[in-house]
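Mapping to our numbering: the sequence shown position 196 is 335, numbers consecutive. Working notes, beginning with the structure itself.
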Amino acid sequence: ISAWPQNSSSANSSIQFAWKRKSDSSQTTLSSTVRSGLSDRKNVFDRLDNNDDCSLLPLTTIKRPRTCVTETNKRSIAQKRQLLIDAGSASAESGDWASALVSFRKALSLDSVETSDQSQQRARLLEMAAQAHLALGEFCAGAGLATEAVSLAPNWAPARQTLGRCQVSAGLTRQALKSFAYACFLDPTEPDIWHKDLLWTWDLCRAENQGHKGGEDHGETRGKFPSRM
140 ISAWPQNSSS ANSSIQFAWK RKSDSSQTTL SSTVRSGLSD RKNVFDRLDN
190 NDDCSLLPLT TIKRPRTCVT ETNKRSIAQK RQLLIDAGSA SAESGDWASA
240 LVSFRKALSL DSVETSDQSQ QRARLLEMAA QAHLALGEFC AGAGLATEAV
290 SLAPNWAPAR QTLGRCQVSA GLTRQALKSF AYACFLDPTE PDIWHKDLLW
340 TWDLCRAENQ GHKGGEDHGE TRGKFPSRM
């Protein structure tokens with residue numbers, strides 16, 4: 140995920156953000172020095188209401204056939220899977236989210252989770268599919284896949300960021316606030332999470348709690364992106 144602000148040149152879609160391929164590293168590691176400087180950000184969690192009425196959305200599972208495969212078949216499957224991922228990424232970059240989602244789901248059906256590395260790879264693919272659902276306005280489906288990605292890679296900030304965006308687009312602002320706060324804690328070097336996701340969602344939650352007329356404005360923000368920096 141790279142850009143959260145709305146792109147005015149693509150007015151036909153309610154969800155707009157630029158596609159960006161993920162780096163090879165699927166985990167963000169922080170030194171003890173950096174982590175020690177993040178203690179103040181834990182206050183974000185302390186201010187959240189633990190008695191949230193909303194629960195996490197159910198996982199959306201992709202059924203995979205169980206077959207006995209040889210090493211040759213494994214290589215063939217891996218090649219086919221990579222071709223599907225490349226095709227899905229190309230479709231996403233061109234704005235064809237429906238085709239991208241088809242490719243990502245086909246790739247997920249070929250996935251296997253036997254090692255830790257494969258779990259991270261599947262988490263990345265689930266997160267990309269969640270982005271496609273988000274772009275198509277299918278927020279609950281996107282949240283389900285993003286939740287599964289978080290379960291496979293709990294310390295990977297982009298998965299929690301995408302989950303938060305699906306949640307806030309669906310109107311689940313308190314859940315989204317928790318997701319963004321966790322993502323910001325995991326990757327404090329990413330300014331978009333802090334400035335364009337967490338603070339924007341925090342403002343929405345404050346407007347809800349204060350019962351301002353902004354409640355109607357909040358409803359209009361579902362599926363849209365903040366333009367603030």
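In this text, a Cβ means the ideal position worked out from N, Cα and C, and glycines have one as well. Keep in mind it's a predicted model, so treat the numbers as computed, not measured.
Element boundaries [alpha helix (DSSP H), containing K213]: Where K213 is concerned, the enclosing alpha helix (DSSP H) stretches over 210-232.
Cβ-based neighbour list, T340, same chain, cut-off 8 Å, excluding 5 preceding and 5 following: Contacts found: G303, V307, T312, A315, L316, F319.
N294: which of G276, P327, C279, A282 sits nearest, CA to CA? P327
Contact under 8 Å by Cβ, Q259 with A285: no
Between the alpha carbons of G350 and L343, how many angstroms are there, rounded? 11 Å
Smallest Cα separation from R244: which of G234, E232, A309, A280? A280
Beta-carbon proximity list for S230, same chain, < 7 Å, skipping 5 on both sides: S238, A239, S242
Residue from A271, A296, K213, N348 whose Cα sits closest to the Cα of W333: A296
Assuming A268 and W236 are in contact, meaning their beta carbons sit under 8 Å apart, how far apart are those beta carbons, in whole angstroms? The beta-carbon distance between A268 and W236, rounded to whole angstroms, is 10 Å. This is too long to meet the 8 Å contact definition.
Check this for me: beta carbons of A288 and L325, under 8 Å apart or not? Taking the C-beta atoms as reference points, L325 is found no nearer than 8 Å to A288.
Buried or exposed (CB count within 10 angstroms, at least 16 for buried), L222: Classification for L222: exposed.
Since P293 is in the alpha helix (DSSP H), which residue starts that stretch and which ends it? Taken as a continuous stretch (DSSP letters only), P293 belongs to no alpha helix (DSSP H), as it is neither H nor E.
Restricting to Cα atoms, I'd like to know which of Q270, A282, K213 is closest to L249. The candidate whose alpha carbon is nearest that of L249 is K213.
Sort Y321, R261, A246, T211 by Cα distance to A226 and report the nearest one. A246
Can you grab the Cα-Cα spacing for the pair A262 / E232, in whole Å? 20 Å
Straight-line gap, L338 to S290 (C-alpha atoms, nearest Å): Roughly 25 Å separates the two Cα atoms.
Compare the C-alpha of P330 against each of A217, Q300, S228 and name the closest. Q300
Alpha carbon of S153 to alpha carbon of Q270, nearest angstrom: Because the pLDDT of S153 is 37, which lies under 50, any placement of that residue in the model is unreliable, and the question is left without a value.
Excluding the five sequence neighbours on either side, which residues of its own chain have a C-beta within less than 6 Å of the C-beta of I224, listed in chain order? A246
Please list, in chain order, all residues of the same chain as R220 whose beta carbon is under 6 Å from its beta carbon, the five residues on each side excluded. A246, L249
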